[in-house]
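K.L.:
One structure coming up, written as structure tokens, with questions to follow.
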Amino acid sequence: MKSQSELESEPQSEVRSEDQRASSNPGSGSQTQAEAPDARVAKTPPASAPGSARGNERALPASVLTPPPPAPSPHLDDYVRIIGQAPLDALRFLARDLKGKSIKMVNSTAVGGGVAEMLNRLVPLLSELDVPTHWDVITGGNDFFEITKAFHNALHGSSYDLTKAAQEIFLTYNEQNRERMQFDENMVVIHDPQPVGLIRSREKTQASWVWRCHIDLSNPDPRVWEFLRPFVERYDAAIFSSQSFARQLPIPQYLFYPCIDPLSEKNKELPDEFVQKVCDEFGIDRSRPIVTQVSRFDRLKDPVGVVQAYKLAKKYVDCQLVLAGGGASDDPEGAAVLKEVKEVAGNDPDIIILDLPPWCALEINAIQRASTIVVQKSLKEGFGLTVTEALWKGKPTIAGAVGGIPNQIIHKLTGVLVHSVEGCAFQIRYLLTHPDFAKRIGASGREHVKENFLMTTNVKRWLLLFRILERAKSRRSVPR
Ligand code: UDP
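Residues in the sequence shown are numbered consecutively from 1143, following the working numbering.
Following this line, the structure appears as structure tokens:
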């Protein structure tokens, strides 16, 4: 695989494809945004006072029960105050030779999930650089999305009985979309496995075709991978989010880390009054240390381990623990994990558990900013965007040494890596009692994100790749 430095080159990040499906197929019986607040209210008990029998589960303030209106998209010049003028000039320079050349991005959902979130920002920024970028979304019935969800799980390692019927459904929808779509652009980028079969249109086009895989292919179900592989091999290049996700392929492979947008609601600077208001609403005391983990209530995020680590550290240092998550209300497994977390938390009024709706980006941003330390004690992880978000906010961050996290956390330099509950407890205690060290790693963490994991760096990678592919194409077309 081409290294980061070769191309100047983890997600959402692959994010949950269930979310994608819920969004692209609102009729499929999945949760829609409009339904969610009621579900949330119904499942969250009324406000419980700190220290009461359910002392650590907070009721949500009314302000977060309905989705806010979408925030306006930023323009390239808005990033000047974050990355400075020179990197923006570099983007414009790189785009110059691509002027008028166009890109098509194709994925399986327009809203929901990290891929859509990223495309929402990437597409207008590339277009603003005079590289017109179009975004098309494949369509499919419930049968198709059930199969692609099963593929998604199987590619992540669960076993799956790949039947002929499933293969046919997958191919039929890919064919339908292929017939419907035009591929007149210079580069076509197909995101993830769902639309991978569109490559069959390749011979009819002048485009370079790229497969952008956002998911972890390190341990796929062999039958599903063998079914998809012949399609992947027909592309001009493949992109993965981590070295360890790549496969043996006869085509060039590139490494694109996932990225965050520093101007998004989740990451933009916030006035301190807003941070204070959110803390007041959620019962978080800013005059005392705050240790936070933001994560879905999922065993692989080890929220129970975080509570245990907090309890060990709390014998020596004062602090509160905030566990801010989501999705537990409508996910049976999430609800079970939330229950386990509440059981181990007991009645400790300093443990604040928040089961937030999916649109609480501003509140999560405020909680991360209010935190003294951020923890991401994952046992398995794709890239870990919550780590990126915390580092970007200059927070001293403690995280499990798994998946893409070590790409972000260089131990004792941009954060600290841990392998156990005890290790996590030790680091909570250490960071709370060594504020200068904590501040230093927080500042280095922010710089690391600025260099490697911002949307603007992602735009640069796309421009570089596009230039490489255009050059390869022009060489191919020179008569020998
Ligand atoms: N997140 C959120 N609400 C929650 C929990 C998580 O918005 O209740 C966000 C979090 O801020 C991050 C993303 O969801 O942007 C999670 O990405 P990550 O790569 O850390 O983990 P994943 O959930 O994709 O495994």
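Virtual Cβ for every residue (Gly too), placed ideally from N, Cα, C.
These numbers were taken from a predicted model, which means no experiment stands behind them.
So is the beta-carbon of threonine 1528 under 6 Å away from any non-hydrogen atom of the ligand UDP?
P.N.:
Taking the first residue of the sequence shown as 1, we reach residue 1528 at position 386. Yes, Cβ of threonine 1528 sits closer than 6 Å to a heavy atom of the ligand UDP.
K.L.:
Below 7 Å between beta carbons: does that hold for threonine 1275 and valine 1265?
P.N.:
Mapped onto the sequence shown, residue 1275 falls at position 133. Mapped onto the sequence shown, residue 1265 falls at position 123. Pairing threonine 1275 with valine 1265 gives a Cβ-Cβ distance under 7 Å.
K.L.:
Going by DSSP in three states, glutamate 1612 sits in which element: helix, strand or coil?
P.N.:
The residue you call residue 1612 lines up with position 470 of the sequence shown. DSSP places glutamate 1612 within a helical segment (H, G or I) once states are collapsed to three.
K.L.:
For the ligand UDP, is there any heavy atom lying closer than 6 Å to the beta carbon of leucine 1498?
P.N.:
Mapped onto the sequence shown, residue 1498 falls at position 356. Leucine 1498: yes, Cβ under 6 Å from the ligand UDP.
K.L.:
Could you tell me if leucine 1607 is buried or exposed, where buried requires 16 or more neighbouring beta carbons within 10 angstroms of its beta carbon?
P.N.:
Along the sequence shown, read from residue 1 onward, the residue named residue 1607 stands at position 465. Result: buried.
K.L.:
Report the three-state DSSP secondary structure of leucine 1412 (helix, strand or coil).
P.N.:
Numbered from its first residue, the sequence shown carries residue 1412 at position 270. If DSSP states are grouped into helix, strand and coil, leucine 1412 belongs with coil.
K.L.:
Once the 5 residues before and after valine 1446 are set aside, which same chain residues still bring their CB inside 7 Å of it?
P.N.:
Here residue 1446 refers to the residue found at position 304 when the sequence shown is read from its first residue. So the list reads Glu1482, Val1483, Val1486, once near-sequence residues are dropped.
K.L.:
Determine whether the beta carbon atoms of alanine 1451 and valine 1279 lie at a separation below 7 Å.
P.N.:
In the sequence shown, counting from the first residue as 1, residue 1451 sits at position 309. In the sequence shown, counting from the first residue as 1, residue 1279 sits at position 137. Not in contact: alanine 1451 and valine 1279 (Cβ atoms no closer than 7 Å).
K.L.:
Could you spell out where the beta strand (DSSP E) holding valine 1352 opens and where it closes?
P.N.:
Here residue 1352 corresponds to residue number 210 of the sequence shown, with the count starting at 1. Per DSSP, valine 1352 is one residue of the beta strand (DSSP E) stretching across 1350-1354.
K.L.:
Contact check, glutamine 1390 vs isoleucine 1432 under 8 Å by CB: the rounded distance?
P.N.:
Along the sequence shown, read from residue 1 onward, the residue named residue 1390 stands at position 248. Along the sequence shown, read from residue 1 onward, the residue named residue 1432 stands at position 290. Glutamine 1390 to isoleucine 1432, Cβ: 46 Å. No contact.
K.L.:
If you draw a straight line from the C-alpha of lysine 1109 to the C-alpha of aspartate 1231, how long is it?
P.N.:
Outside the shown range of the chain (1143 to 1622) lies residue 1109, about which nothing can therefore be said.
K.L.:
Can you tell me whether phenylalanine 1595 is buried or exposed, with buried defined as 16 or more other CB within 10 angstroms of its CB?
P.N.:
The residue labelled residue 1595 in the question sits at position 453 within the sequence shown. By the 10 Å Cβ count, phenylalanine 1595 comes out buried.
K.L.:
For aspartate 1427, write down the residues that DSSP places opposite it in a beta bridge.
P.N.:
Position 285 of the sequence shown, counted from the start, is the residue given in the question as residue 1427. Paired residues: none, contrary to the question.
K.L.:
With a Cβ-Cβ cutoff of 7 Å, do alanine 1532 and glutamine 1510 count as a contact?
P.N.:
Here residue 1532 refers to the residue found at position 390 of the sequence shown. Here residue 1510 refers to the residue found at position 368 of the sequence shown. Against a cut-off of 7 Å, the Cβ pair of glutamine 1510 and alanine 1532 comes out as a contact.
K.L.:
Could you give the DSSP three-state label for histidine 1333: helix, strand or coil?
P.N.:
Within the sequence shown, residue 1333 is the residue found at index 191, counting from 1. In the structure shown, histidine 1333 sits in a strand (DSSP, three-state: E or B).
K.L.:
Give the straight-line distance between the Cα atoms of cysteine 1421 and phenylalanine 1525, rounded to the nearest whole angstrom.
P.N.:
Reading the sequence shown from its first residue, position 279 is the one you call residue 1421. Reading the sequence shown from its first residue, position 383 is the one you call residue 1525. Take the alpha-carbon of cysteine 1421 and the one of phenylalanine 1525: they are about 28 Å apart.
K.L.:
Within this structure, are the beta carbons of leucine 1496 and alanine 1541 separated by less than 7 Å?
P.N.:
As a working mapping, residue 1496 is identified with position 354 in the sequence shown. As a working mapping, residue 1541 is identified with position 399 in the sequence shown. Cβ distance not < 7 Å, so leucine 1496 and alanine 1541 don't count as in contact.
K.L.:
With a threshold of 6 Å on Cβ separation, who are the neighbours of alanine 1580 within its own chain once the five nearest residues in sequence on each side are excluded?
P.N.:
By 1-based counting over the sequence shown, the position of residue 1580 is 438. Pro1538, Leu1573, listed in sequence order.
K.L.:
By how many angstroms is the C-alpha of leucine 1236 removed from the C-alpha of lysine 1602?
P.N.:
In the sequence shown, counting from the first residue as 1, residue 1602 sits at position 460. In the sequence shown, counting from the first residue as 1, residue 1236 sits at position 94. Distance between the alpha carbons of lysine 1602 and leucine 1236 is about 8 Å.
K.L.:
The ligand UDP and isoleucine 1506: does the residue's C-beta get closer than 6 Å to at least one heavy atom of that ligand?
P.N.:
Within the sequence shown, the letter at position 364 stands for residue 1506. Yes, the beta carbon of isoleucine 1506 sits closer than 6 Å to at least one heavy atom of the ligand UDP.
K.L.:
Can you give the Cα-Cα distance for histidine 1298 and glycine 1545, rounded to whole angstroms?
P.N.:
Translated into the one-based positions of the sequence shown, residue 1298 becomes position 156. Translated into the one-based positions of the sequence shown, residue 1545 becomes position 403. In this structure, the straight-line span from the alpha carbon of histidine 1298 to that of glycine 1545 is close to 13 Å.
K.L.:
Given 6 Å as the limit, tell me if glycine 1254 has its C-beta closer than that to any heavy atom belonging to the ligand NAD.
P.N.:
Absent from the structure shown: the ligand NAD. Ligands present: the ligand UDP.
K.L.:
With a threshold of 8 Å on Cβ separation, who are the neighbours of alanine 1308 within its own chain once the five nearest residues in sequence on each side are excluded?
P.N.:
Start at 1 with the first residue of the sequence shown, and residue 1308 comes out as number 166. Answer for alanine 1308: Ile1289, Ala1292, listed in chain order.
K.L.:
Closest to valine 1591 by CA distance: which of Lys1554, Lys1535, Arg1609 is it?
P.N.:
On the sequence shown, residue 1591 is found 449 positions in, with the first residue counted as 1. Checked all of Lys1554, Lys1535, Arg1609; the closest Cα to valine 1591 is Lys1535.
K.L.:
Compute the Euclidean distance between the alpha carbons of leucine 1359 and alanine 1388, then round it to the nearest angstrom.
P.N.:
Locating residue 1359 in the sequence shown gives position 217, counting from the first residue. Locating residue 1388 in the sequence shown gives position 246, counting from the first residue. Those two C-alpha atoms are separated by around 6 Å.
K.L.:
Pick from Asp1272, Val1253, Phe1312: whose alpha carbon is nearest that of glycine 1282?
P.N.:
Indexing the sequence shown from 1 puts residue 1282 at position 140. Among Asp1272, Val1253, Phe1312, the Cα nearest to that of glycine 1282 is on Phe1312.
K.L.:
Please list, in chain order, all residues of the same chain as leucine 1611 whose beta carbon is under 8 Å from its beta carbon, the five residues on each side excluded.
P.N.:
The sequence position of residue 1611 within the sequence shown is 469, counting from 1. Excluding residues within five positions, the ones whose Cβ falls inside 8 Å are Met1329, Ser1350, Val1352, Asp1378, Ala1379.
K.L.:
Cα separation between isoleucine 1515 and serine 1383?
P.N.:
One-based indexing of the sequence shown puts residue 1515 at position 373. One-based indexing of the sequence shown puts residue 1383 at position 241. Whole-angstrom Cα-Cα distance: 26 Å.
K.L.:
Using a Cβ-Cβ cutoff of less than 7 Å, which residues in the same chain neighbour alanine 1512 once the five nearest sequence positions on both sides are dropped?
P.N.:
Residue mapping note: residue 1512 aligns to position 370 of the sequence shown, counting from 1. Excluding sequence neighbours, alanine 1512 sits near Val1417, Cys1421, Ile1426, Arg1428, Ile1432.
K.L.:
List in chain order: all unbroken beta strand (DSSP E) runs of 3+ residues lying wholly within the region 1213-1254.
P.N.:
1245-1249
K.L.:
Below 8 Å on the Cβ atoms is my contact criterion, and I expect leucine 1240 with arginine 1609 to pass it. Report the Cβ-Cβ distance as a whole number of Å.
P.N.:
The residue labelled residue 1240 in the question sits at position 98 within the sequence shown. The residue labelled residue 1609 in the question sits at position 467 within the sequence shown. That belief holds up - the Cβ atoms of leucine 1240 and arginine 1609 are roughly 7 Å apart, short of 8 Å.
K.L.:
Three-state secondary structure (DSSP) at phenylalanine 1382?
P.N.:
Counted from its first residue, the sequence shown places residue 1382 at position 240. The three-state secondary structure of phenylalanine 1382, taken from DSSP, is strand.
K.L.:
Three Cβ pairs or more, each shorter than 8 Å: is that satisfied between the region 1335-1348 and the region 1367-1376?
P.N.:
yes
K.L.:
Taking 6 Å as the cut-off, does the CB of arginine 1438 come closer than this to any heavy atom belonging to the ligand UDP?
P.N.:
Translated into the one-based positions of the sequence shown, residue 1438 becomes position 296. Flag set: Cβ of arginine 1438 near the ligand UDP.
K.L.:
Should proline 1404 and isoleucine 1224 be called a contact, given that it needs their Cβ atoms to be closer than 7 Å?
P.N.:
Counting from one through the sequence shown, the residue named residue 1404 turns up at place 262. Counting from one through the sequence shown, the residue named residue 1224 turns up at place 82. Yes. Within cutoff.
K.L.:
Quick check: does the Cβ of glycine 1545 come within less than 6 Å of any heavy atom belonging to the ligand UDP?
P.N.:
The sequence position of residue 1545 within the sequence shown is 403, counting from 1. The answer is no for glycine 1545.
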